[in-house]
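Student: Mind the numbering: the sequence shown is residues -18 to 477 in this note's numbering, read in order.
For glycine and all other residues, C-beta sits at the position ideal for the given N, C-alpha and C.
Just so you know, these numbers come straight off a predicted model, no measurement behind them.
Here it is, the structure in full.
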Amino acid sequence: MGEPKPPEPAGEERVAIESEHLAAIVRSSDDAILSKDRDATITSWNEAAERLYGYTAKEAVGNSVAILIPPERRGEELEIVRRILAGERVEHYETVRVRKDGTRIAVSLTASPILGADGAIAGVSTQARDVSSSREAQHRLRGAFEGAPIGIAVFSVEPGSFGALHQVNAEMTRLLGYSEEELAAVSPGELTHPDDAERERVLIEELSSGARSSYGIEKRNRHKDGRWIWVWLTVSLLDTEGPPRSAVAHMFDISERKAAESELELARANLERSNAELDQFAYVASHDLKEPLILLSAYARMLSERHRDALDEEGRTFLGHVRDEAGRMKAMIDDLLDYSRLQTRAEEAQVVELSHVLELALKTLAPRIDETQGRVDVEGPLPAVQGSPAQFERLFRNLISNALKFRGEEAPLVTVSAEHGNGEWIVSVCDNGIGIDPAKAGRIFEVFQRLHGQEEYAGTGMGLAICKRIVDRHRGRIWVEPAPEGGSAFRFALPE
Ligand code: ADP
């Protein structure tokens, strides 16, 4: 025989134990639980209720629940009681209650009937949960949504269509010119410019198939008044799991930027066209001028060779001038042709070792350097840059030949060096020559501009204009300043 089983508690005792268990659960609940009788008098009050409402159990029990209800919500309480008496449950009913200190609090209520011994409803038990923080968070989010300075819309994602708008903020209604109600009745596709629709349709297709989770696009949207407005639109899916169902769109008005861009583009295209026309003009003019010039020179030569004796001394001098000037004009035309070809014959950019092209330039200039007893020193390494080797060689040739030409009393000493800084290389060609008046320094880079007469120093006035064009074409700058030890320092900056 086994141990005798402990006796089962008798009926009344069992009820007492169960009620004690229930009471313990109610006491320790995090939700405020109170009960009230049919007259709305509070009959029980747990610790969480004390924390939530500020009344102790002693203060609350025996009082009417009216102490918790804001005056404007009295009707609401009657309605809850009516529903409970009708046998309904009231769950997660969001409302506002008043604390002992008078402050209000957002709560979610669940109410259920308390049955008396006779089975009839004897009262109501109410469970309340503080939802003020989530309400506040929602309120803040709503404020951020409504007050955002960019248009925001939540819309449904439907395969094969632009979806339907669900919720839009104030800025979105301002951007499109339609009220929220009007927008609910239009499809976003109807507001999209036909030229942008196909591009966006593909993106939406990818969004609804799950191939992408967001996209950004510059597009035109139709305002209610019929204008097309350029906007920057980003669309991101809101669903993180399952098939894509809804998305949020952010829209930003970029019409001003677009207008400025197209104006700039127009100005750039105009500039490019007039530059090209000018180059073409310079090319054609100089090319066509060359022919009569060659004839002019030929006749002048024949005149001086065959009819020299028919001319007196003055006539021979004048003829000499004609030949000199024709020669000078030919040099100018050749330089002008070179200048216009710099633009029209743009070659592919390649890596240019400046030390290498400098060497080539010095080879060509060697006889001039010898003749002037000059010296060209290269100080430190020179960089490699992107561009045209022939043009950089020309650049060095022009600068160094000027340094030799515009020499002072002493033998010419030219120094070439480079330094690096601020994302660019600055290359300097310094001389010990006659120097340049800084007030006139800006002019010398213009076409045919010279600071000296032909009798002092021969030249066409094109050398530095060609240098400037070469540097410009390589997105650089060129300028001149007095060299530290007298003479001129020509410097050009090139992007790295
Ligand atoms: P050109 O040498 O044929 O006169 P450039 O365009 O090369 O034409 O130069 C324009 C003018 O700038 C020159 O006539 C001269 O007055 C001045 N210049 C150029 N290089 C120097 C230099 N190294 N030193 C002093 N003056 C110079």
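Let's see if you can read the secondary structure: which residues bound the alpha helix (DSSP H) around residue 62?
Tutor: Element bounds for residue 62: 55 to 66.
Student: Suppose the cutoff is 6 Å on Cβ atoms and the five residues either side in sequence are ignored; what does the same chain contact list for residue 44 look like?
Tutor: Closer than 6 Å at the Cβ level, and outside the excluded window around residue 44, lie 23.
Student: Kindly give me the distance between the Cβ atoms of residue 339 and residue 359, rounded to whole angstroms, as I take these residues to be in contact under 8 Å.
Tutor: Rounded, the Cβ-Cβ distance is 7 Å, consistent with contact.
Student: Can you list, in chain order, the residues of its chain whose CB lies under 8 Å from that of residue 462, leaving out five sequence neighbours each side?
Tutor: Answer for residue 462: 419, 422, 469, 470, 472, listed in chain order.
Student: Taking contact to mean at least 3 C-beta pairs separated by less than 8 Å, is the region 199 to 213 in contact with the region 170 to 189?
Tutor: These segments touch.
Student: With 16 as the cutoff for other CB atoms within 10 Å, does residue 280 come out buried or exposed?
Tutor: Flag for residue 280 reads exposed.
Student: Can you tell me where the alpha helix (DSSP H) with residue 256 in it begins and where it stops?
Tutor: Residue 256 -> alpha helix (DSSP H) spans 236 to 287.
Student: Any heavy atom of the ligand ADP closer than 7 Å to the beta-carbon of residue 386?
Tutor: Flag set: Cβ of residue 386 near the ligand ADP.
Student: When DSSP labels each residue in this structure, what does residue 475 get in the three-state scheme?
Tutor: Three-state result, residue 475: strand.
Student: Tell me which residues share the same chain as residue 445 and place their Cβ nearer than 6 Å to its Cβ, disregarding the 5 neighbours each side in the sequence.
Tutor: Only 425, 426 meet the Cβ criterion.
Student: What does DSSP give as the partner residues of residue 96 in its beta bridges?
Tutor: In DSSP, residue 96 forms a bridge with 102.
Student: Once DSSP output is grouped into helix, strand and coil, what is the label at residue 459?
Tutor: Three-state result, residue 459: strand.
Student: Just to check, is the beta-carbon of residue 396 closer than 7 Å to a non-hydrogen atom of the ligand ADP?
Tutor: No.
Student: Answer with buried or exposed for residue 372, where buried requires no fewer than 16 other C-beta atoms within 10 angstroms of its C-beta.
Tutor: Looking at its Cβ environment, which holds 16 or more other Cβ atoms inside 10 Å, residue 372 is buried.
Student: What is the DSSP secondary structure of residue 377, reduced to helix, strand or coil?
Tutor: Looking at residue 377 - three-state DSSP - the assignment turns out to be helix.
Student: Select from 464, 364, 48, 412 the residue whose C-alpha is nearest the C-alpha of residue 474.
Tutor: Taking only the C-alpha atoms, the option nearest residue 474 is 364.
Student: State the CB to CB distance for the pair residue 152 and residue 166, rounded to an integer number of angstroms; the pair is presumed to be in contact (CB under 8 Å).
Tutor: Actually they do not touch by this definition, with Cβ atoms about 20 Å apart.
Student: Using the Cα positions of residue 71 and residue 14, report the straight-line distance between them to the nearest angstrom.
Tutor: Their backbone Cα atoms lie some 14 Å apart in a straight line.
Student: Residue 29: buried (16+ other C-beta within 10 angstroms of its C-beta) or exposed?
Tutor: Buried, by the Cβ-count rule.
Student: Which residues in the same chain have their Cβ closer than 6 Å to the Cβ of residue 242, if we skip the five residues on either side of it in sequence?
Tutor: Here the set comprises nothing.
Student: With three or more C-beta pairs closer than 8 Å as the rule, is the region 108 to 124 touching the region 81 to 91?
Tutor: Segments in contact, yes.
Student: May I ask whether a heavy atom of the ligand ADP can be found less than 7 Å away from the beta carbon of residue 446?
Tutor: For the ligand ADP, at least one heavy atom lies less than 7 Å from the Cβ of residue 446.
Student: So, for residue 430: in the same chain, excluding its five sequence neighbours on each side, which residues have a beta-carbon less than 7 Å away from its beta-carbon?
Tutor: If we look at residue 430 and ignore the five residues flanking it on each side, its Cβ neighbours are 424, 442.
Student: For residue 334, write down the residues that DSSP places opposite it in a beta bridge.
Tutor: Its beta-bridge partners are 365.
Student: CA-CA distance, residue 234 and residue 210?
Tutor: The straight-line gap from Cα to Cα measures roughly 7 Å.
Student: When you measure from the CB of residue 383 to every non-hydrogen atom of the ligand ADP, does any distance come out below 7 Å?
Tutor: Yes, Cβ of residue 383 sits closer than 7 Å to a heavy atom of the ligand ADP.
Student: From residue 108 to residue 92, what distance separates their C-alpha atoms?
Tutor: Their Cα atoms are separated by approximately 6 Å.
Student: Can you tell me whether residue 231 is buried or exposed, with buried defined as 16 or more other CB within 10 angstroms of its CB?
Tutor: So residue 231 counts as buried.
Student: So, are the CB atoms of residue 195 and residue 215 less than 8 Å apart?
Tutor: Yes, the pair counts as a contact, with Cβ atoms nearer than the cut-off.
Student: What does residue 231 pair with, by DSSP beta-bridge criteria?
Tutor: Answer by DSSP bridge pairing, in chain order: 133, 215.
Student: Within 10 Å of its beta-carbon, does residue 0 have 16 or more other beta-carbons around it, so buried, or fewer, so exposed?
Tutor: With fewer than 16 other Cβ atoms within 10 Å, it is exposed.
Student: With 16 as the cutoff for other CB atoms within 10 Å, does residue 459 come out buried or exposed?
Tutor: Result: buried.
Student: Assign residue 455 to buried or exposed, taking buried as 16 or more other Cβ atoms, counted over all protein chains shown, within 10 Å of its Cβ.
Tutor: With 16 or more other Cβ atoms within 10 Å, it is buried.
Student: Measuring only from the beta carbon, is residue 443 closer than 7 Å to any heavy atom that is part of the ligand FMN?
Tutor: Looking for the ligand FMN in the displayed structure turns up nothing; the ligands present are the ligand ADP.
Student: Within 10 angstroms of its Cβ, does residue 395 collect 16 or more other Cβ (buried), or is it exposed?
Tutor: Looking at its Cβ environment, which holds 16 or more other Cβ atoms inside 10 Å, residue 395 is buried.
Student: Of the residues 51, 134, 257, which one's Cα is nearest the Cα of residue 227?
Tutor: Nearest option by C-alpha distance: 134.
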